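**Q** When you number the sequence shown by the numbering used here, it's gap-free, plus one each residue, and the end is 1542. Every residue gets a Cβ at the ideal spot worked out from N, C-alpha and C, and that includes glycine. Here the structure is a predicted model, which is why all the values come from computation and not from measurement.
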Amino acid sequence: MGATQSQAPGRPAFKAQTADDLRDLIGQAELIVANLRGAGPKAQTLLHLLDTIHDLVDRLEETGVDLRAEAVRIETVEGLLHSKDAILVREMRRLGGLPAVRRAVNPARSQWWWYLDELLAERRRRQLRRWLFVAGGVAAVLVILWALYHFVFPPDPKRLAAMDRASRAEELVSKGDLAGAVELYRQAAEITPDDPEMHVWVGVLEAQLGHAEESQQAFARAQQL
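Shown next as structure tokens:
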């Protein structure tokens, strides 16, 4: 039987002597991290497991044990824990909070899993700064476009007036007032005589009103443009 690792105050006693013990510890960590949401006290157990795993890895490597396969499993566990940092912090909050537990353990900064609350806060600050940078860039582009639209390339007042009449004409068409709509399209065509679309609409509506001659004249004008 292997000896049990001497533990720091508050650390659970894990059997940690051989490579088989290491594989068992990694298996326990894999199970907890896979089911971290709602893990409760097991969340803290996971942190102690990682301490023990790294301690045992150091001791076994000193004796020349090949731990390449185990290293991949450890990296996977730690990668999952990184991706679930917010869940771990939330679970630890139910146990009094990660800062309070960390003070009792007093881990080294290299034991980053004990500092996930700080790492999470820093990641969120970076995300916020990135979002503010992007938002600021978008706002700057919008301001430039607004300035270009209003000062460098101002809209043609005649075009705007024609589009206003065309928009009102569309509303009249939807209400069945074809006569009122064709009059507005005629006004739009007079304001922007080089726009074939307005003449086409005049032709379409005149045809629906039974005014064949007016319709043909409007279509002919549109074809000339």
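1) Count the other C-beta atoms from every protein chain shown that fall within 10 angstroms of the C-beta of PHE1450, then say buried if there are 16 or more, exposed otherwise.
2) Cα-Cα, which of LEU1462, TRP1448, ARG1407 and GLY1454 is closest to GLU1435?
3) Distance check for ASP1494 and VAL1517, CA to CA, integer angstroms please.
4) Per DSSP, what kind of secondary structure is LYS1492 in: helix, strand or coil?
5) Quick check: the Cα distance between TRP1430 and VAL1458, rounded to an integer number of angstroms?
6) Inspect the beta-carbon positions of ARG1482 and LEU1501 and report whether they are closer than 8 Å.
7) What do you get for ALA1417, buried or exposed, if any count of 16 or more other CB atoms within 10 angstroms of its CB means buried?
8) Return the chain-ordered list of same chain residues with a C-beta closer than 8 Å to the C-beta of GLN1322, the five sequence neighbours on each side being excluded.
9) Rounded to whole angstroms, how far is the Cβ of VAL1394 from the Cβ of VAL1350, which I believe are closer than 8 Å?
10) Nearest to MET1515 by alpha carbon, out of GLN1525, ARG1503 and VAL1422?
11) Helix, strand or coil, according to DSSP, for ASP1473 in the structure here?
12) Have a look at GLY1355, ARG1410 and HIS1365 and flag the residue whose alpha-carbon is nearest the alpha-carbon of GLN1345.
13) So, with DSSP's three-state summary, where would you put ARG1354?
14) Helix, strand or coil: how does DSSP classify ALA1456 here?
15) On the DSSP letters alone, give me the boundaries of the alpha helix (DSSP H) that LEU1377 sits inside.
16) Return yes when the Cβ of GLU1378 is within less than 8 Å of the Cβ of ARG1339, no when it is not.
**A** If we stick to the structure as given:
1) Counting of Cβ neighbours within 10 angstroms places PHE1450 among the exposed residues, the total staying below 16.
2) ARG1407
3) 18 Å
4) coil
5) 41 Å
6) yes
7) exposed
8) Only weak support is given to the placement of GLN1322: the predicted model assigns it a pLDDT of 43, under 50, and the value that follows is read from those uncertain coordinates. The answer, listed in chain order, is ALA1330, PHE1331, LYS1332, ALA1333, GLN1334, THR1369, ASP1372 and LEU1373.
9) Rounded, the Cβ-Cβ distance is 5 Å, consistent with contact.
10) ARG1503
11) Coil.
12) HIS1365
13) Note: ARG1354 maps to coil in three-state DSSP.
14) helix
15) Unbroken alpha helix (DSSP H) run through LEU1377: 1359-1379.
16) The identity of residue 1339 in the sequence shown is Leu, whereas the question assumes Arg. Taking 8 Å as the Cβ cut-off, LEU1339 and GLU1378 do not qualify as a contacting pair.
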